[in-house]
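Enquirer: The sequence shown runs 6 to 108 under the working numbering.
First the structure, then my questions, so here it is.
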Amino acid sequence: MPLFRLCPLQDAPAPGKARHFDLPDGIGCALFHVDGKLFALQNNCPHMDSPIEDGAVERGVLTCPWHGWQFNVATGISLMSDHIRIPSYPVRVENGQVFVELP
Ligand code: FES
6 MPLFRLCPLQ
16 DAPAPGKARH
26 FDLPDGIGCA
36 LFHVDGKLFA
46 LQNNCPHMDS
56 PIEDGAVERG
66 VLTCPWHGWQ
76 FNVATGISLM
86 SDHIRIPSYP
96 VRVENGQVFV
106 ELP
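Structure (structure tokens):
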């Protein structure tokens, strides 16, 4: 899987926050910092394609800020249905840099 560098680790979002990054081909990625771990999801809610980076995360559950759909922040899978999911990207930190694995 190709790696794509997002940022230096010091530029990753603060705990409890998220930050948008542009991936190749114009895809947006939201990088979340949750309980000391980084998670990357495509920055589009499957409901109405709105950005999710401002969603709250509690106990590993991301709530879309627009209409409240909820997802597992680690997997992108909806709490309503396993058939609804936000694409997720495995995150790797190497040599002080944050990378995501692209499909
Ligand atoms: S756009 Fe996310 S719940 Fe509607």
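Each residue gets a CB set at the ideal place from its N, CA and C atoms; glycine is no exception.
None of these values were measured; they are calculated from a predicted model.
CB residue 48 to CB residue 33, shorter than 7 Å?
Expert: Cβ atoms of residue 48 and residue 33: closer than 7 Å.
Enquirer: Based on Cα-Cα distance, which residue from 94, 75, 53 lies nearest to residue 61?
Expert: Minimum Cα distance to residue 61 is reached at 75.
Enquirer: Please classify residue 99: is it buried, with 16 or more other beta-carbons within 10 angstroms of its beta-carbon, or exposed?
Expert: Residue 99 comes out exposed.
Enquirer: Specify the secondary structure class of residue 108 as computed by DSSP and reduced to three states.
Expert: Looking at residue 108 - three-state DSSP - the assignment turns out to be coil, as it is neither helix nor strand.
Enquirer: Whole angstroms are fine: how far does the CA of residue 70 sit from the CA of residue 77?
Expert: Going from the Cα of residue 77 to the Cα of residue 70 covers about 14 Å.
Enquirer: With a threshold of 6 Å, establish whether the CB of residue 53 neighbours any heavy atom of ligand 1.
Expert: Because some heavy atom of ligand 1 lies under 6 Å away, the Cβ of residue 53 counts as near it: yes.
Enquirer: Indicate, with yes or no, if ligand 1 has a heavy atom lying under 6 Å from the CB of residue 88.
Expert: It does not: the Cβ of residue 88 is nowhere closer than 6 Å to a heavy atom of ligand 1.
Enquirer: So, are the CB atoms of residue 89 and residue 51 less than 7 Å apart?
Expert: Yes, the Cβ-Cβ distance between residue 89 and residue 51 is below 7 Å.
Enquirer: DSSP three-state label for residue 33, please.
Expert: Strand, per DSSP.
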